[in-house]
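Peer 1: Under this note's numbering, the sequence shown has 349 at position 349, and the numbering climbs by one with no breaks.
In this text, a Cβ means the ideal position worked out from N, Cα and C, and glycines have one as well.
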Amino acid sequence: MDPLRLLLPRAQAQPLLPLPAGVPAPSVRPRLVPRRRARRHRNGAARMLPASAVASESPWTEQDPASGEKEERFDWLDQWYPFAPVEDLDPGAPHGKMVLGIRVVAWYDRGAGEWRVFEDACPHRLAPLSEGRIDDKGRLQCVYHGWCFDGRGACKFIPQAPALGPPVHANSKACVASYPCVVQNKLLWFYPRAGPEHADVLRRKRPPFIKEIDDPSFVTSFLIRDMPFGYDVLAENLMDPSHVPYAHKGLFRGLPRLVDPEEYDKEGGVPMAVKVEESSVNGFASSQGPGYANFVAPCTYYGSPASKKSEKNKPHLMIVFIIVPVAPGRSRVMWAYPRNFGLWLHKITPRWFDHIGVNVVLDSDMYLLHLEERNFAKAGIENWQKSVYVPTTSDGTVVAFRNWFRKHCRFQVGWAAPTVDQLPPTPTKDKLMDRYWSHVAQCTSCSAALKAMKALEVALQVASIAVVGLLAVAKGTLLTSVAQRAAVVSAAVLCFVASRWLADFIQKKFYFEDYVHAYK
1 MDPLRLLLPR AQAQPLLPLP AGVPAPSVRP RLVPRRRARR HRNGAARMLP
51 ASAVASESPW TEQDPASGEK EERFDWLDQW YPFAPVEDLD PGAPHGKMVL
101 GIRVVAWYDR GAGEWRVFED ACPHRLAPLS EGRIDDKGRL QCVYHGWCFD
151 GRGACKFIPQ APALGPPVHA NSKACVASYP CVVQNKLLWF YPRAGPEHAD
201 VLRRKRPPFI KEIDDPSFVT SFLIRDMPFG YDVLAENLMD PSHVPYAHKG
251 LFRGLPRLVD PEEYDKEGGV PMAVKVEESS VNGFASSQGP GYANFVAPCT
301 YYGSPASKKS EKNKPHLMIV FIIVPVAPGR SRVMWAYPRN FGLWLHKITP
351 RWFDHIGVNV VLDSDMYLLH LEERNFAKAG IENWQKSVYV PTTSDGTVVA
401 FRNWFRKHCR FQVGWAAPTV DQLPPTPTKD KLMDRYWSHV AQCTSCSAAL
451 KAMKALEVAL QVASIAVVGL LAVAKGTLLT SVAQRAAVVS AAVLCFVASR
501 WLADFIQKKF YFEDYVHAYK
C-alpha cells in the first residue's frame, strides 16, 4: 500500500456521485498539472524539484475559485450516514452508537431478514434500547421494563398492561422512531430523518456507491475506530498524503524512495502537485499523476494511485475512508483498501492481524490531531485560513475541504440534535489512545482474538504451575536424572515467560501502546 500516491490525478474527470445505469459520464477534459521533469542525480536517483517550484508552477490560492457563485448550504440531515461494517454486527444483539449527535441502535429483524436502525431511547422512560436484547419472537426488547418493538418501531407488547385492558401499546406515543436504512458496500447506512414522508428516500437518494467493494474479483475488509477529535480534523488528516512519511515514520517500510536523501531528508517527503479539478456542494474531485481522489460529502473519501482507465486485469488498489461526525470533538473512521491482488493472502490472514498494523498508524498522529484541534478552537475555526500557512500544492485537498466546509457549511457540522459545541477536556494519553473501547469492542475479529489470547495466557500460567508441581511430586520417582529435572524446569520457565510476553502483547495491541515520535 502506497499512501503517498493516493492522491494522484485521473486521465478524465469523473462525476462526484455514481451515475445511474445507462447514463453516460460527462466527457470532460480537465486541465492537468504540467508534468515536472525529474533530473537524474549522479547516483541514479531522480531529483524532484523543490516545493517552491511546484508552488510557482501551479499555485494554490486560499480563495475559493467559485466565490462569485451563490453559496449553496449543505443539508446535513438529507444525507446517508454509515453505522458500522456489517461484518462487525452480531445479529443476535442490538448495537448502539452516536452519529451526527444522535444516539441510534441497530438490530437485526429476523422476521424481515433486514437490519433496522432506531432511535436509541425507549418511549416509556427513555432507557437505551442498545442495552436491550432480541426476544424469542425476534422483537427488540427494552430490558428496563420489557417493552417490545417490531421492525417498524411499533410497540407490540407492554408486560405491565392488562391483557384484557385497553390496547395502550397501540398508541403512537408507544412507538420508537425508525430511520430508513440499507446495507450497501458491506456497510449499514441510515438516513437521520424518521417519519413516513422519508420512508421511500432510497428511491430519491442512495449512499455513495464504490463498485470495487462489491466486485467479486476484489477483496475488502473494513476497520472501524472512534477518534478523540472532531469530524473536520479527521477529514483533513485523511485527505493529506504529505504527512505520511513524518507522522507515520517507519510504518510504511515498503514505500519507494522518490528523492535523493542527500538533498532532502531521510523521511522521504516530496512535493506533490495536487490538483482540485471540480468542486460543488456535494464534494470535490482531485488528481495528481495518473490517479485520483474523490470526496463525496459528507462521509466518503476514496481514491487510487491508478487511473480509472487502467486495464481490468492489472493490479489495482483503492483506499476508502469513511469519515463519520459523532459529536463535537469526536469522530469515527472506517478504513478499507479494496484490491484485486494478494487474494490468497487475504484469505489466510485474520482481520485482527491487519487491524494491529492499522491501529498503530492511527495511534501515531492521534495525539497530534487532538491537540491541533484545540489550537484551532483557540484561534477560532472560522479563522482557519488566517491561522495556517499552506503555500504548496501538497495541501491542495486539505484547502479544498476547508473551502467546502467554509462555503457550504459555515464551519459547522449540522448536528441532528441540540449539541453543546464545546470540546471535551483532554484526558491522559492512555485514555485518549485507548484501543479497546475505540476499536476492539466494536470489531468481532479483534474481540475474538483477544478472548483467545487471554485464554492462552491463563493456560500458559496454569501449565507453568503444573510443571513445577510435577517436579516437586515426581522428583524421586519419575524424574530420576538431572537432565530430566532440568528439562522440566526449563519447560516451566518457558511457559511462564511466554505468558508474560503474551500479556505484554495483549496490553500493547488491544489496549494501549504509547507512540513517541522522538524515538522513531
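Measure the alpha-carbon distance for residue 508 versus residue 247 and round it to whole angstroms.
Peer 2: What you label residue 508 is simply residue 508 of the sequence shown in a count that begins at 1. What you label residue 247 is simply residue 247 of the sequence shown in a count that begins at 1. Going from the Cα of residue 508 to the Cα of residue 247 covers about 19 Å.
Peer 1: Pop quiz: residue 136 and residue 148 are said to be a contact at Cβ under 8 Å. What is the actual Cβ separation, rounded to whole angstroms?
Peer 2: By one-based count along the sequence shown, residue 136 stands at place 136. By one-based count along the sequence shown, residue 148 stands at place 148. Contact doesn't hold; Cβ gap of about 10 Å is too wide.
Peer 1: Note down, in chain order, each residue of its chain lying with its Cβ closer than 7 Å to the Cβ of residue 183, except the 5 sequence neighbours on either side.
Peer 2: Numbered from its first residue, the sequence shown carries residue 183 at position 183. The answer, listed in chain order, is 86 and 115.
Peer 1: Could you check the C-alpha separation between residue 91 and residue 109 for me, to the nearest Å?
Peer 2: The residue labelled residue 91 in the question sits at position 91 within the sequence shown. The residue labelled residue 109 in the question sits at position 109 within the sequence shown. Distance between the alpha carbons of residue 91 and residue 109 is about 8 Å.
Peer 1: Among 381, 153 and 454, which one has its Cα closest to the Cα of residue 329?
Peer 2: Along the sequence shown, one-based indexing puts residue 329 at 329. Of the listed residues, the one whose Cα sits closest to residue 329 is 381.
Peer 1: For the pair the stretch 278-296 and the stretch 398-411, tell me if three or more CB-CB distances fall below 8 Å.
Peer 2: Yes: the two stretches touch, three or more of their Cβ pairs being nearer than 8 Å.
Peer 1: Please return the same chain residues whose Cβ sits closer than 6 Å to the Cβ of residue 276, not counting the five positions on each side in sequence.
Peer 2: Mapped onto the sequence shown, residue 276 falls at position 276. Cβ within range, chain order: 284, 286, 396 and 400.
Peer 1: Measure the Cβ-Cβ separation of residue 225 and residue 447 and say whether it is below 7 Å.
Peer 2: Working through the sequence shown from its first residue, we reach residue 225 at position 225. Working through the sequence shown from its first residue, we reach residue 447 at position 447. Not a contact, by the Cβ cut-off of 7 Å.
Peer 1: How would you call residue 357, buried or exposed, if buried means at least 16 neighbouring beta carbons within 10 angstroms?
Peer 2: By one-based count along the sequence shown, residue 357 stands at place 357. Exposed, by the Cβ-count rule.
Peer 1: Just to confirm before moving on: does the CB-CB distance between residue 449 and residue 352 stay below 7 Å?
Peer 2: Position 449 of the sequence shown holds residue 449. Position 352 of the sequence shown holds residue 352. Result yes, Cβ atoms of residue 449 and residue 352 sit closer than 7 Å.
Peer 1: For residue 300, which three-state DSSP category applies?
Peer 2: Here residue 300 refers to the residue found at position 300 when the sequence shown is read from its first residue. In the structure shown, residue 300 sits in a strand (DSSP, three-state: E or B).
Peer 1: Are three or more beta carbon pairs between the stretch 91-102 and the stretch 196-205 nearer than 8 Å?
Peer 2: No contact exists between the stretch 91-102 and the stretch 196-205.
Peer 1: What residue does the beta strand (DSSP E) around residue 204 start on, and which one ends it?
Peer 2: Within the sequence shown, numbered from 1, the residue matching residue 204 stands at position 204. First-last for residue 204: 201-204, but that is the alpha helix (DSSP H), not the beta strand (DSSP E).
Peer 1: Could I get the ranges of all uninterrupted beta strand (DSSP E) runs contained in the stretch 66-137, with 3 residues as the minimum, in chain order?
Peer 2: If we require 3 residues or more, the beta strand (DSSP E) runs fully inside the stretch 66-137 come out as 81-85, 95-99, 102-109 and 114-119.
Peer 1: Would you list the one or two residues that DSSP bridges to residue 422?
Peer 2: Working through the sequence shown from its first residue, we reach residue 422 at position 422. Paired residue(s): none; residue 422 is not in a bridge.
Peer 1: Taking the alpha-carbon positions, what's the residue 8 to residue 303 distance?
Peer 2: As a first step, residue 8 is located in the sequence shown; it is residue number 8 there, counting from the start. As a first step, residue 303 is located in the sequence shown; it is residue number 303 there, counting from the start. Residue placement at residue 8 is flagged as unreliable, the pLDDT there being 35, under the threshold of 50; the coordinate-derived value follows with that caveat. Roughly 8 Å separates the two Cα atoms.
Peer 1: DSSP state of residue 156, grouped into three classes?
Peer 2: Against the sequence shown, residue 156 aligns to sequence position 156. Strand at residue 156.
Peer 1: Strictly by DSSP, which residues pair up with residue 325?
Peer 2: Counting from one through the sequence shown, the residue named residue 325 turns up at place 325. Per DSSP, 331.
Peer 1: For residue 208 and residue 492, I'd like the C-alpha separation in whole angstroms.
Peer 2: Indexing the sequence shown from 1 puts residue 208 at position 208. Indexing the sequence shown from 1 puts residue 492 at position 492. In a straight line, the C-alpha of residue 208 is about 56 Å away from that of residue 492.
Peer 1: Under the three-state reduction of DSSP, which class applies to residue 512: helix, strand or coil?
Peer 2: Against the sequence shown, residue 512 aligns to sequence position 512. Correct three-state label for residue 512: coil.
Peer 1: Tell me the residue span of the beta strand (DSSP E) that contains residue 521.
Peer 2: Since the displayed the chain opens at 1 and closes at 520, residue 521 lies outside it and no answer follows.
Peer 1: So what's residue 319 in DSSP terms, helix, strand or just coil?
Peer 2: Here residue 319 is taken as the residue at index 319 of the sequence shown, counted from 1. Three-state DSSP puts residue 319 in a strand.
Peer 1: With a threshold of 16 other CB atoms inside 10 Å of the CB of residue 229, please say whether the residue is buried or exposed.
Peer 2: Taking the first residue of the sequence shown as 1, we reach residue 229 at position 229. Buried, by the Cβ-count rule.
Peer 1: Rounded C-beta distance between residue 370 and residue 471? I'm assuming under 8 Å.
Peer 2: On the sequence shown, position 370 is the one that residue 370 refers to. On the sequence shown, position 471 is the one that residue 471 refers to. Contact doesn't hold; Cβ gap of about 51 Å is too wide.
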